[in-house]
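For the sequence shown, my numbering begins at 105 and goes up steadily by one.
Data first, discussion second: the structure below is written as structure tokens.
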Amino acid sequence: MPEKIAIIMRGLPGSGKSWTARALARTLKALTGQAPVVVSADDYFVGEDGVYRYVPHEQGEAHKQCLRRFMEATASGEVVVVDNTNTSAHELSPYVGIAGVHDYTVHVVEMTTHPNACLRLQTHDVPEFVVGQMAARLRAPLPPYLCPGGVFEVDAERRVDVASLARDICEFHD
């Protein structure tokens with residue numbers, strides 16, 4: 105299996121992206137022996153004490169830091185998982201472009217959890233109207249060039265079979 109795998113999580117706040125990204129990283133490490141790097145804009149808001157403190161006006165800087173970490177991981181050939189909402193093609197494009205420069209195959213894991221469940225499960229207090237706007241953007245299909253390794257749909261309200269998901273991604277590269 106080639107080492108150059110980028111997995112981009114996509115979904116609403118509360119859809120199970122972060123849990124799935126971490127579980128997928130653990131499973132891929134067990135299958136491949138290589139520990140994936142998980143990058144997230146949320147990491148920017150975690151202090152040295154491990155406490156998450158969101159500062160809305162720093163969201164842009166958080167995404168820049170996440171993209172820089174992605175660039176570093178792909179430049180060094182590491183398997184990388186992007187754990188952000190990525191609700192539009194515009195948000196995925198920089199990651200896909202950088203991945204392409206480094207000959208990575210991009211796989212998209214799209215969380216299809218119902219918006220009402222996401223509102224109930226989310227930890228970021230995103231207002232309902234914003235979640236609705238994000239859900240509308242998610243309904244727009246991605247252009248095929250943004251997901252050459254395929255789109256894997258996951259519903260966190262059902263049992264997430266991370267082992268099968270990881271095997272499917274690995275088998276793509278066999």
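Positions of the beta carbon are idealized from the N, C-alpha and C atoms, including for glycine.
Keep in mind it's a predicted model, so treat the numbers as computed, not measured.
Cα-Cα, which of the options is closest to residue i?
i, options, result
"Y208", "A177, A221 and Y156", "A177"
"A179", "V213, G115, A270 and G204", "G204"
"R271", "F256, R263, E261 and R262", "F256"
"R126", "H167, V213, H194 and E162", "V213"
"G118", "R263, Q226 and Y156", "Q226"
"T216", "R173, R243, I111 and I112", "R243"
"L223", "Q138, I112, G151 and G120", "G120"
"P51", "G137, A239 and H211", "Nothing can be reported for residue 51, as the shown portion of the chain is limited to 105 through 278."
Does the Cβ of residue i lie closer than 6 Å to at least one heavy atom of the ligand ZN?
i, result
"C170", "For the structure depicted, the ligand ZN is absent and the ligand set is empty, with no information on it obtainable."
Where residue i and residue j are concerned, what is the direct C-alpha to C-alpha distance, given to the nearest angstrom?
i, j, result
"K108", "G201", "14 Å"
"D153", "Q237", "33 Å"
"N190", "L196", "6 Å"
"V143", "E232", "26 Å"
"F149", "P248", "32 Å"
"Y156", "H228", "10 Å"
"V264", "R130", "14 Å"
"A193", "E165", "20 Å"
"M175", "Y158", "24 Å"
For the alpha helix (DSSP H) containing residue i, name the first residue and the last one.
i, result
"A129", "K121 to T136"
Do residue i and residue j have their CB atoms nearer than 7 Å?
i, j, result
"L116", "C274", "no"
"L128", "V266", "yes"
"V183", "P140", "yes"
"V235", "P245", "no"
"A221", "E162", "no"
On the DSSP letters alone, give me the boundaries of the beta strand (DSSP E) that residue i sits inside.
i, result
"F149", "First-last for F149: undefined, no H or E at that position."
Legend entry - Start-end ranges of the beta strand (DSSP E) lying completely within the region 185 to 241, minimum 3 residues: 209 to 215
Legend entry - 4 or more residues per run - each alpha helix (DSSP H) lying fully within the region 160 to 186: 163 to 179
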